[in-house]
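K.L.:
Position one of the sequence shown corresponds to residue 0 (numbering that gives the first Met the number 0), numbered consecutively onward.
This is the structure I want to talk about, given as structure tokens.
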Amino acid sequence: MSASVIIVDTQQKFRHKLIIKRPSSGLSLQGCIRVPGDKSISHRALMLGAIAQGETQIQGLLLGEDPRSTASCFQAMGAEISELNTNLVKIKGIGLGNLQEPPDVLNAGNSGTTLRLMLGLLASHQGRFFTVTGDSSLRSRPMSRVVKPLQQMGAQIWGRKNASIAPLAIQGQSLKATHYHSPIASAQVKSCVLLAGLMTEGKTTVTEPALSRDHSERMLKAFGAKLDIDSDTNSVTITGGTQLYGQNVIVPGDISSAAFWLVAAAIVPDSELTIENVGVNPTRTGILEALEMMGADIVRENQWEVAGEPVANLRVRSSKLKSCTIAGDIIPRMIDEIPILAVAAVFAEGTTVIKDAAELRVKESDRIAVMTQQLNKMGAKVTELPDGMEITGGTPLTGVDLDSFTDHRIAMSLAIAALNTSDTTNIDRAEAASISYPDFFDTLKGIICS
């Protein structure tokens, strides 16, 4: 019998249950696959295309729910965006400073990137009023990390708990340039301030304690913004008032999505997968470095560059993993991949320690608490730390009833863990995977061999 992956109830507004039954004869993963377009790049291409002059064309856009939220918000503010698809999306931009006051509340859905980055643009549109919200998960996530630097620039923002959580109301202002020293390495904070700086006079600078992903800097430059980067101090400066112009954007495959298959092929015996067209931006390859430290057999093939973003095919074979410590500057470069890295650690020899990752507690779920709880239910040995996890590998896992807590990365991470269990694993609310990877379960079924 081959492994079965069953989705119960195809209506997304209801709860789904994913059932994974591992055959007694075992299984392996084989094939050549492509993952969805990079979510971070998809968001930024939609946003910058909307506020640029002229037409922007996007190929390879991620069709998850989060980019749809971004598109919907900017359509409500006057941008003309064609039907979203992976082949070609056309945007007729409205030009810098021309976002219209929407007739209704802007809804970012589950997307923290949409809400946090968009705030920088809304706050700098003088004389216009905006209200933004999201789903129940997003309304509980911290927004003060972007609200505070914007207020430092003169923004007027109101909301619950001293404007720290959505819904938020924004009265656009003429902002002043600033030099913001961010207490955390966060691409969302950096991007929000840089987008606000587009509309200010003078130079706006963001300095981080460590380098976060740099997709905004690369794309802003491609659209015509004037940026200066000081890698020695982890600082980036934008000069306000420079018009943006529409571009042709090709979105590479999302390394955060590829991470699930990298770990899956590494831990499932006799597996070999090739993942094509994956973005390998150095600010995003922490997961590759961490898995290589653990002894994973991963090879980069056919490296090239698309629209300023480095791309490669990744070939991964099953291997014997060993424990390591993941901490420090690598964490911001792999923060979204830590749930699936925890799965790899469960099957590694020795004790793996993940630290400096407290940011995981304010994602779509408390990913530290949820991954600890769910993996331990399967029989793993995971200890929750204030800012990470301690994982002792080598304990066989058992199929049990699990819950994604409506977190897309939790749902997919647990599905990969279930491939190496005995018995049947049931994952409740598995539909969360569609947030970033709508075809995840179909791809999983397509590469299973028994």
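Glycine included, every Cβ here is placed at the ideal spot set by N, Cα and C.
The structure presented is a predicted model; accordingly, all values stated were derived computationally and were not measured.
Leaving out the 5 sequence neighbours to the left and right, which residues in its chain are closer than 6 Å to Leu61 when beta-carbon positions are compared?
P.N.:
Counting only Cβ-Cβ distances below 6 Å, and skipping sequence neighbours, we find Pro35, Gly36, Lys38 and Ser41.
K.L.:
For Ala414 versus Phe222, is the C-beta spacing smaller than 9 Å?
P.N.:
For Ala414 and Phe222, no; Cβs fall outside 9 Å.
K.L.:
Could you pull the start and end residues of the beta strand (DSSP E) that Asp253 belongs to?
P.N.:
It is not in any beta strand (DSSP E) - Asp253 carries neither H nor E in the DSSP assignment.
K.L.:
Short of 8 Å in beta carbon distance, which residues of its chain neighbour Asn375, apart from the five on each side in sequence? Order them along the chain.
P.N.:
Cβ within range, chain order: Val381.
K.L.:
Counting C-beta neighbours from all protein chains within 10 Å, is the total for His178 16 or more, i.e. buried, or is it exposed?
P.N.:
Label assigned to His178: exposed.
K.L.:
Considering only their Cβ atoms, is the gap separating Arg212 from Thr282 smaller than 9 Å?
P.N.:
In this structure, Arg212 lies closer than 9 Å to Thr282 by Cβ.
K.L.:
If you reduce the DSSP assignment to three classes, tell me which class Glu73 lands in.
P.N.:
Note on identity: in this sequence residue 73 is Phe, with Glu being the wrong assignment. Of the three classes helix, strand and coil, the one that applies to Phe73 here is helix, per DSSP.
K.L.:
When burial is assigned at 16 or more other CB atoms within 10 Å of the CB, is Pro22 buried or exposed?
P.N.:
Exposed, since its Cβ has fewer than 16 Cβ neighbours within 10 Å.
K.L.:
Give the single residue among Asp422, Lys354 and Gly393 whose Cα lies nearest to the Cα of Pro385.
P.N.:
For Pro385, the nearest C-alpha among the options comes from Lys354.
K.L.:
Among the residues of its own chain, which have a CB less than 7 Å from the CB of Thr9, if the five just before and after it don't count?
P.N.:
Here the model assigns Thr9 a pLDDT of 37, short of 50, so the residue's position is not dependable and the matter cannot be decided.
K.L.:
Are the segment 200-208 and the segment 127-138 touching, with three or more C-beta to C-beta distances below 8 Å?
P.N.:
No: the two stretches stay apart, fewer than three of their Cβ pairs being nearer than 8 Å.
K.L.:
Would you mind sorting Arg159 into buried or exposed? The rule is 16 or more other CB atoms within 10 Å of its CB.
P.N.:
Exposed, since its Cβ has fewer than 16 Cβ neighbours within 10 Å.
K.L.:
Under three-state DSSP, which class holds Cys323?
P.N.:
If DSSP states are grouped into helix, strand and coil, Cys323 belongs with coil.
K.L.:
Run through the DSSP bridge pairs and tell me what Val131 is partnered with.
P.N.:
Its beta-bridge partners are Leu105 and Leu167.
K.L.:
Please classify Asp422 as buried or exposed, where buried requires at least 16 other C-beta atoms within 10 Å of its C-beta.
P.N.:
Exposed, since its Cβ has fewer than 16 Cβ neighbours within 10 Å.
K.L.:
Count the other CB atoms within 10 Å of the CB of Met0; is the residue buried (16 or more) or exposed (fewer)?
P.N.:
With a pLDDT of 37 at Met0, under the threshold of 50, the modelled position of this residue cannot be trusted, and the question is left open.
K.L.:
For the putative contact between Met333 and Ile286, defined by C-beta atoms under 8 Å, what is the C-beta separation to the nearest angstrom?
P.N.:
Contact flag correct, Cβ pair sits at about 5 Å.
K.L.:
Grouping DSSP H, G and I as helix and E and B as strand, with all else coil, what is Lys160?
P.N.:
Correct three-state label for Lys160: helix.
K.L.:
Between which two residues does the beta strand (DSSP E) harbouring Pro338 extend?
P.N.:
Pro338 -> not in any beta strand (DSSP E); alpha helix (DSSP H) instead, spanning Ile337 to Val345.
K.L.:
If the criterion is Cβ atoms closer than 9 Å, does the pair Arg316 and Glu271 meet it?
P.N.:
Against a cut-off of 9 Å, the Cβ pair of Glu271 and Arg316 comes out as a contact.
K.L.:
Quick check: the segment 242-254 against the segment 66-78, are there 3 or more CB pairs under 8 Å?
P.N.:
Touching, no, given that fewer than three Cβ pairs across the two stretches are closer than 8 Å.
K.L.:
Terminal residues of the continuous alpha helix (DSSP H) containing Pro148?
P.N.:
That run of the alpha helix (DSSP H) goes Ser143 to Gln151.
K.L.:
So, for Asn233: in the same chain, excluding its five sequence neighbours on each side, which residues have a beta-carbon less than 8 Å away from its beta-carbon?
P.N.:
For Asn233, where only same-chain residues beyond five positions count, the Cβ hits under 8 Å are Ala184, Thr206, Glu207, Pro208, Ala209 and Leu210.
K.L.:
According to the Cβ coordinates, are Asn312 and Asn276 closer than 9 Å?
P.N.:
Yes, Cβ-Cβ distance for Asn312 and Asn276 is below 9 Å.
K.L.:
Output the distance between the C-alpha atoms of Leu149 and Ile237, rounded to the nearest integer angstrom.
P.N.:
Those two C-alpha atoms are separated by around 15 Å.
K.L.:
What number of angstroms, rounded off, separates the C-alpha of Val7 from the C-alpha of Phe439?
P.N.:
With a pLDDT of 45 at Val7, under the threshold of 50, the modelled position of this residue cannot be trusted; read the value that follows with caution. Those two C-alpha atoms are separated by around 15 Å.
K.L.:
Alpha carbons only, please: which of Leu290, Ile274 and Leu359 is nearest the one belonging to Gln302?
P.N.:
Comparing Cα positions, the closest option is Ile274.
K.L.:
Flag this pair as yes or no: are the beta carbons of Ser173 and Gly196 separated by less than 9 Å?
P.N.:
No, they are not a contact pair.
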